[in-house]
């Protein structure tokens, strides 16, 4: 029982990180129906920027601020250069273009910071508590609280502000939204900025939780975020959080009870089964197939 | 114009056939490597370029072929032709199985699922004893005598050339056939294709089977060529590389696939100084390609939008 509770707590913390990553992903998908395959690499790259700032003795929160500005800038530039020209192209083109962006970011990070895993020094609390034999780290609490706060903020942002209303208008009908005077390009750009910023927060939490930053966390981040988004339902913000948590729990229980060598297999088998049974995700709305 | 084309082709064929006699062992090694990737790029192109299925797990099919050879060679002494057939068959079955199990999953979803299949393949070979776990299988040697005894670098080159040429011909034949037109109809408009009585599921499964068989052939030759197989030869970076070849060469173009294999294997190999940046240069090329010329350098895919 103690093992079970322990795995659940570990899984919930890891899952919250996935959730924050999945939200950025999901907002773009919900809005434009397009997989931002470079989302994970953006999060990796901007987390490295934070690390580089910290190494240059910039105070931690200053480094996070710089990282966040850089993430927003990167997110918006990538959208402008590689995705916007393809908004009306066939379905394959933007996805492939995003793969190209992911490769560029991965290669750049490799050249600048090297392929080794780097430790991530942080002033975030590192203590731990024991409750009846179950270990809870302060980082896990920080992660869960941050994720919850961001979930609430996003809910308010999307459903109770004019920004959110415009976003939902674009999602429902892009040409009409444009006709009624919504500046679609600016709004889409802002979504990439918000997504990248959330990715940065998730990257910093990930790096602080596991005390490591490495280049390949980009691809695994993309895959985990996508799986979480699909589990929860593409396009649904609440679903991203549910999916992220579900994925975290599955991976940690799978590693604890089945085998840690099959972590990826567990993730993808679950993804395939969910897609076969519920092609729109666990909480997804039924929409016309996007072939 | 047509005569000029034939002259170029004949001169090219003579140069390729004489390569083992005139080139250094290193150049021959790189040329063999390029040829090993030709069937992979062609198979990927049949799937993505001609049938319009986004898939990025080709290294898993490649690996199934290579591991089939590795396991067979260490257990029973059968000649090269039978091993080639068995590897192609095994990879074709896996390809078919993948396509049939995932038939309800489409578009971007299938893209991620196929990336996942590559990870599942790696988990399996990394955690099994028959595959030698993380260290892989060693001492995969072809028998000295018999048909297709591949014992010298030159013979490896000719075997790879034969396999690559076979795959080019099969691919051209498929694309000129009724089946090839059916594939492209399914790609261009699934709904219209279905109204015309074309069955999407068997078409896609068939093409995954063919592409699997091609990858299996390459995997078999690779296992003999390296004398060993290991998980690192079939990770998602290899899938990505194969995917890149097709994008850069041109979706739907057979000659483009060959060009893609040459560009992405030979250029980084001979220009060591750019090797560190090859991944990123490939990425830039992909973005430029998609934005300016989605049909690729030699692509024919102009109409589908």
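Chains as they are written, first to last, in my numbering: chain A, 1 to 291; chain B, 292 to 596.
For each residue, glycine too, the CB sits at the ideal point set by N, CA and C.
Listed in chain order, the alpha helix (DSSP H) runs fully inside the stretch 412-482 of chain B are 444-467, 469-479, counting runs of at least 4 residues. As the crow flies, the alpha-carbon of residue 257 of chain A is around 27 Å from that of residue 213 of chain A. Note that the C-beta distance between residue 498 of chain B and residue 338 of chain B is below 8 Å. For residue 137 of chain A, no alpha helix (DSSP H) segment is defined; the enclosing uninterrupted segment is the beta strand (DSSP E) at 134-137. By the Cβ rule, the stretch 48-62 of chain A does not count as touching the stretch 17-32 of chain A, because fewer than three pairs are nearer than 8 Å. Contact annotation: residue 20 of chain A and residue 198 of chain A have beta-carbon atoms nearer than 8 Å. Boundaries of the alpha helix (DSSP H) harbouring residue 165 of chain A: 162-172, taken from the DSSP string. Think of a sphere of 7 Å around the beta carbon of residue 538 of chain B: the chain A residues whose beta carbon falls inside it are 96, in chain order. Taking a contact as a CB-CB distance under 8 Å, the pair residue 271 of chain A and residue 230 of chain A counts as one, their CB atoms being some 6 Å apart. Chain-order list of chain B residues neighbouring residue 199 of chain A: empty, with the shortest C-beta distance near 18 Å, by a criterion of under 9 Å. Per the DSSP secondary-structure output, residue 128 of chain A pairs in a beta bridge with A/137. Looking at the backbone, the Cα of residue 86 of chain A and that of residue 96 of chain A are separated by about 10 Å. Looking at the DSSP output, residue 520 of chain B shares a beta bridge with B/428.
Interface annotation for the stretch 380-404 of chain B against chain A: 392, 393, 395, 396, 397, 398, 399, 400, 402, 403, 404, criterion Cβ-Cβ distance under 8 Å. With a beta-carbon spacing of about 7 Å, residue 403 of chain B and residue 223 of chain A fall inside the 8 Å limit used to define contacts. Ranked by Cα distance from residue 190 of chain A, the first of A/2, A/75, A/235 is A/75. In summary, residue 472 of chain B is exposed, with fewer than 16 beta-carbon neighbours lying within 10 Å of its beta-carbon over all protein chains present.
Look at the beta carbons and you see the stretch 561-576 of chain B touching the stretch 90-108 of chain A: at least three pairs across the two are nearer than 8 Å. Judged by pairs of C-beta atoms under 8 Å, the stretch 505-522 of chain B touches the stretch 370-389 of chain B, as three or more such pairs exist. Pairing residue 479 of chain B with residue 495 of chain B, the inter-Cα distance amounts to about 14 Å.
By alpha-carbon distance to residue 141 of chain A, the top candidate from A/4, A/1, A/278, A/9 is A/9. Spanning the alpha carbons of residue 93 of chain A and residue 533 of chain B requires a straight line of approximately 17 Å. The shortest C-alpha to C-alpha distance from residue 119 of chain A to any of A/50, A/261, A/67, A/111 is the one to A/50.
Within chain B, 582 have C-beta atoms less than 7 Å from the C-beta of residue 85 of chain A, given in sequence order.
For residue 84 of chain A, the secondary structure class from DSSP, reduced to helix, strand or coil, is helix.
Membership of residue 272 of chain A in the alpha helix (DSSP H) is indicated by the continuous run 263-277. For residue 118 of chain A, the three-state secondary structure derived from DSSP is strand.
In the same chain as residue 252 of chain A, and ignoring 5 residues on each side of it, the C-beta atoms closer than 7 Å to its own belong to 7, 10, 11, 14, in chain order.
Ranked by how close their Cα comes to the Cα of residue 547 of chain B, the residues B/397, B/330, B/319 have B/330 in first place. Leaving aside the five residues that flank residue 518 of chain B on each side, the residues in its chain whose CB is nearer than 8 Å to its CB run, in chain order, 429, 430, 431, 432.
For the stretch 554-574 of chain B, the residues whose beta carbon sits under 9 Å from a beta carbon of chain A are, in order, 567, 568, 569, 570, 571, 572, 573, 574.
Only those residues of the stretch 408-427 of chain B whose C-beta falls short of 8 Å from the nearest C-beta of chain A are listed: 408, 410, 411, 413, 414, 415, 417, 418.
Per DSSP, reduced to three states, the secondary structure at residue 213 of chain A is strand. Our two residues, residue 453 of chain B and residue 441 of chain B, have alpha carbons roughly 12 Å apart in a direct line. Judged by beta-carbon spacing, residue 322 of chain B lies beyond the 8 Å limit of residue 356 of chain B, meaning their Cβ atoms are not closer than that value. Cα atoms of residue 116 of chain A and residue 200 of chain A: separation of roughly 20 Å, rounded to the nearest angstrom.
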